[in-house]
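Residue numbers (the numbering used here): 3 to 481. All residues carry an ideal CB built from backbone N, CA and C; glycine is no exception. Report on the structure given below.
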């Protein structure tokens, strides 16, 4: 080959490499940036051409699917309306995504890993979404929503051994189909009762006496106390220099920790927390998952951490803060705010003999051909307490339901363990936040629950929340 031909050959080779470089830059390496550019409508059109995967409940019920429309586009459908609206969320090109539609968008839109996405772009293949098999139980969800009876609040039910979420109900809800209208979306987003808010993961409320379960776990597992340890249960004992009263001002005298939990004696548990100290209380709260977003397959911006808040600016602080009254925090008062999901995790950790499993919505990812592409295995989040301590606490919580404040949660022929809570919101108007957390059966539990009803007039945990929990536990332990 003579020199001129060689130079011409090299010129064409360089031009060819430059062409490949620019093509790869726009189609592969900088594709995400182009797709995110609000002036580029190609991404929106491509998204409408993808048949998103189906989302199914544990029993196979289709919760979300895509239907073919005009011009080779697809529209998302939600055949069960409000049933799982907060969990499933929505996916519309004009609004974006929420819920599982957002957190599992990669799988649902057929982008299984960066390599598969790059190959699809290079060969021009339109991806087909994978399907999600969730852990959700439609029958139990209906029971929860019916039991709430239109009252604002939330119910969460978790399998203690696996972390599988069976129920996540939040009232009020919404029908994802209505959100196809941007006017309706704006109306719901600005509504006073916040129907788009998932109260189970975003709502934060004072936990009342359900927090005594966390305090009891710290007391038993630290080795400082046993179920038979005796503490003064009289009313009016100074906590942080200010007298603390028991419910109704009742004096109990010296009582064991078991009796103190059964009868929800404020002064006992406040003294226990002061004795343990802020560091110990904070350590066990951390083990239960307080102060951080739960490791759930759900959008982070749709979850709130549970913890203590100071009034100035509502800045999140831990139990170690100088702003926290540890004694009152330990009985669910002071500045403590929690989510229903967090308290369901507390109940589940105790039920699972001290092992807190990571909560999850998705069981399997199934490809378009029906093959399991990925199985989501149960994973331990933390060892909260020893098995021995957990078994002692389980028996104490079972006593609460047998003859204490939680008798309304009792099931026929099945031992239930639990704890009620009644947080005063506006005392002079008798506005309360009723709670119940628990699990059933007390030994070898199948399900753990947390129930709260928002701003109930005169409502108590034992009379308002416990009966709701009873119905949900019954639906999930039947047979």
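Excluding five sequence positions before and after residue 169, the CB atoms of its chain that fall closer than 7 Å to its own CB belong to 139, 142, 143, 146, 157, 158, 159, 474, given in chain order. For residue 181, no beta strand (DSSP E) run applies, since DSSP gives it neither H nor E. Residue state for residue 132 is assigned as coil, using DSSP reduced to three classes. In the structure shown, residue 98 falls within a strand segment according to DSSP collapsed to helix, strand and coil. Note on geometry: alpha-carbon atoms of residue 251 and residue 225 lie some 30 Å from one another. With the rule of 3 Cβ pairs closer than 8 Å, the stretch 170-181 does not count as touching the stretch 365-373. Between residue 463 and residue 341 the beta-carbon gap is near 17 Å, outside 8 Å, which marks them as no contact.
Under the 8 Å Cβ criterion, the stretch 301-313 does not count as touching the stretch 394-411, having fewer than three qualifying pairs. The beta-bridge partner set that DSSP reports for residue 440 consists of 420, 451. In the structure shown, residue 407 adopts coil according to DSSP, grouped into three states. Annotated as distal: residue 132 and residue 101, with beta-carbon spacing of 9 Å or more.
If you compare the alpha carbons of 54, 163, 469, 424 with that of residue 109, the shortest gap goes to 54. When 321, 273, 241, 410 are compared, the shortest CA-CA separation from residue 256 is found for 273. Contact check for residue 258 and residue 230: beta-carbon distance about 5 Å, within the 8 Å limit, so the pair qualifies. Buried is the label assigned to residue 394, since at least 16 other Cβ atoms lie within 10 Å of its Cβ. Counted as a single uninterrupted DSSP element, the beta strand (DSSP E) harbouring residue 245 occupies residues 244-246.
The C-beta of residue 380 has fewer than 16 other C-beta atoms within 10 Å across all chains shown, which makes the residue exposed. One thing to note: residue 411 has its Cβ no nearer than 9 Å to the Cβ of residue 447. For a cut-off of 8 Å, the C-beta gap from residue 266 to residue 422 is around 7 Å, short enough to register as a contact.
Only residues of its own chain outside the window of five on either side were considered, and among them 242, 336 have a CB closer than 6 Å to the CB of residue 327, listed in chain order. Between the alpha carbons of residue 424 and residue 334 lies a gap of roughly 9 Å. Under DSSP, the beta-bridge partners assigned to residue 434 are 426, 458. Residue 256 is bridged by DSSP to 234. Under the three-state reduction of DSSP output, residue 143 falls in the helix class. Burial check for residue 73: the Cβ neighbour count within 10 Å stays below 16, so the residue is exposed. Shown here for residue 432: same chain residues with a beta carbon closer than 8 Å to its own, the five before and five after excluded, namely 459, 460 in chain order.
Taking 9 Å as the cut-off, the beta carbon of residue 217 is found closer than this to the beta carbon of residue 275. For residue 309, the uninterrupted beta strand (DSSP E) run begins and ends at 309-311, by DSSP.
By the 16-neighbour rule on beta-carbons within 10 angstroms, residue 372 is exposed.
Annotation for residue 90: 57, 65, 66, 80, 101, 102, 103, 178 place their beta carbon closer than 8 Å to its own, counting only its chain and skipping 5 residues before and after. In terms of Cβ geometry, residue 172 and residue 200 form a close pair [threshold 9 Å]. Judged by DSSP in its simplified three-state form, residue 329 adopts helix.
In terms of Cβ geometry, residue 286 and residue 387 form a close pair [threshold 9 Å].
The three-state reading of DSSP puts residue 363 in coil, since its state is none of H, G, I, E or B.
Taking the Cα positions, residue 450 is about 21 Å away from residue 153.
Across the structure, residue 471 and residue 454 are spaced so that their CA atoms are roughly 9 Å apart.
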